[in-house]
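If you count by numbering that gives the first Met the number 0, then the sequence shown holds residues 0 to 254, one letter each, in order. Glycine included, each C-beta is placed from N, C-alpha and C at the ideal position.
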Amino acid sequence: MNNLLDVKNLFKTYQKSTGLFSHKKIEALKDISFHLKAGETLALLGETGSGKSTVAKILVGIERPDSGEIQFDGLKIDCCDHNATNRRIRYIFQEAARSLNPNQKIADILHAVLRYSTTMDNEQRQQKIAETLLLLGLLPEHANYYPHMFSGGQLQRVALARALILDPKVLILDEALTALDPSLRAQIVNLLLELQQSTGLSYILITNQLRLVRHMADQTMVMYQGRALDYAPTQQVFKAPEHDYTKKLLASSPS
0 MNNLLDVKNL FKTYQKSTGL FSHKKIEALK DISFHLKAGE TLALLGETGS GKSTVAKILV
60 GIERPDSGEI QFDGLKIDCC DHNATNRRIR YIFQEAARSL NPNQKIADIL HAVLRYSTTM
120 DNEQRQQKIA ETLLLLGLLP EHANYYPHMF SGGQLQRVAL ARALILDPKV LILDEALTAL
180 DPSLRAQIVN LLLELQQSTG LSYILITNQL RLVRHMADQT MVMYQGRALD YAPTQQVFKA
240 PEHDYTKKLL ASSPS
């Protein structure tokens with residue numbers, strides 16, 4: 000099976016001010032490469048500042064790498080053109096439900112996404128919204144609700160609906176499950192796995208939750224200070240990690 004996503008040799012630096020006329024170069028990514036097949040999950044694992052979110056922001060065009068290449072379905076994509084990737088790769092941030100405008104109905108929020116990124120007319124948008132809500136275990140009439148009218152689990156489903164309504168091929172979950180309590184997290188994880196099985200959706204899972212990685216990820220990349228230390232099938236990373244940092248990371252968390 001060909002790779003859906005190929006990321007090759009990404010480098011990214013930032014300039015941090017250390018005084019009135021002085022700056023320090025921060026190397027956020029150092030030669031990061033990986034691939035992702037349709038229907039697979041890649042976990043990016045590492046502590047804060049390891050470069051995980053920088054990878055995600057480059058993939059969706061929020062950041063531009065200093066060098067490197069990204070191919071999607073065999074075609075090179077422009078790393079600085081968000082419009083070129085916003086339908087194919089969608090990004091869900093941590094506590095994504097909080098980003099929903101409390102003064103807008105869910106229908107208005109989802110209509111705005113479709114108006115911006117598609118040529119659908121109003122009737123087609125309404126049909127797509129109803130189909131997406133049903134896919135995520137909600138009802139079409141929920142489109143007329145405001146965010147405060149939903150439970151926490153329902154809000155997370157609405158956040159997923161906003162990402163999935165454009166039928167992406169890759170969904171980036173940047174600590175998107177961290178804020179949920181264990182029972183809600185289990186529900187959303189099961190929903191994500193069901194969607195993956197039925198649609199072939201691929202995930203990039205950014206998290207520090209080792210149990211979640213073992214449960215969801217086919218591949219795992221362990222990152223530290225912008226570098227990839229271990230990159231292999233998940234079970235191999237957990238059973239026979241190559242790098243000392245990975246061994247310490249795995250040992251620091253309860254089994």
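Per DSSP, Asp30 lies in no alpha helix (DSSP H); the unbroken beta strand (DSSP E) holding it starts and ends at His22 to Leu35. Within the same chain, Gln93, Ile205 and Thr206 come within 7 Å of Glu174 by CB-CB distance, once the 5 residues on both sides are set aside. The alpha-carbon of Ile128 is positioned some 25 Å away from that of Gly60. Per DSSP, the beta bridge partners of Gln218 are Leu41 and Pro232.
DSSP, read as helix, strand or coil, puts Ala111 in helix.
The beta-bridge partner set that DSSP reports for Lys15 consists of Lys23.
Per DSSP, reduced to three states, the secondary structure at Phe149 is coil, with no helix or strand assignment. Per DSSP, Asp173 is one residue of the beta strand (DSSP E) stretching across Val169 to Asp173. Within the region 159–214, the complete alpha helix (DSSP H) segments at least 4 residues long are 181–198, listed from N- to C-terminus.
If you draw a straight line from the Cα of Pro139 to the Cα of Asp229, it is about 44 Å long. The beta-carbon distance between Gly45 and Leu28, rounded to whole angstroms, is 12 Å. This is too long to meet the 8 Å contact definition. Per DSSP, reduced to three states, the secondary structure at Ile61 is coil, with no helix or strand assignment.
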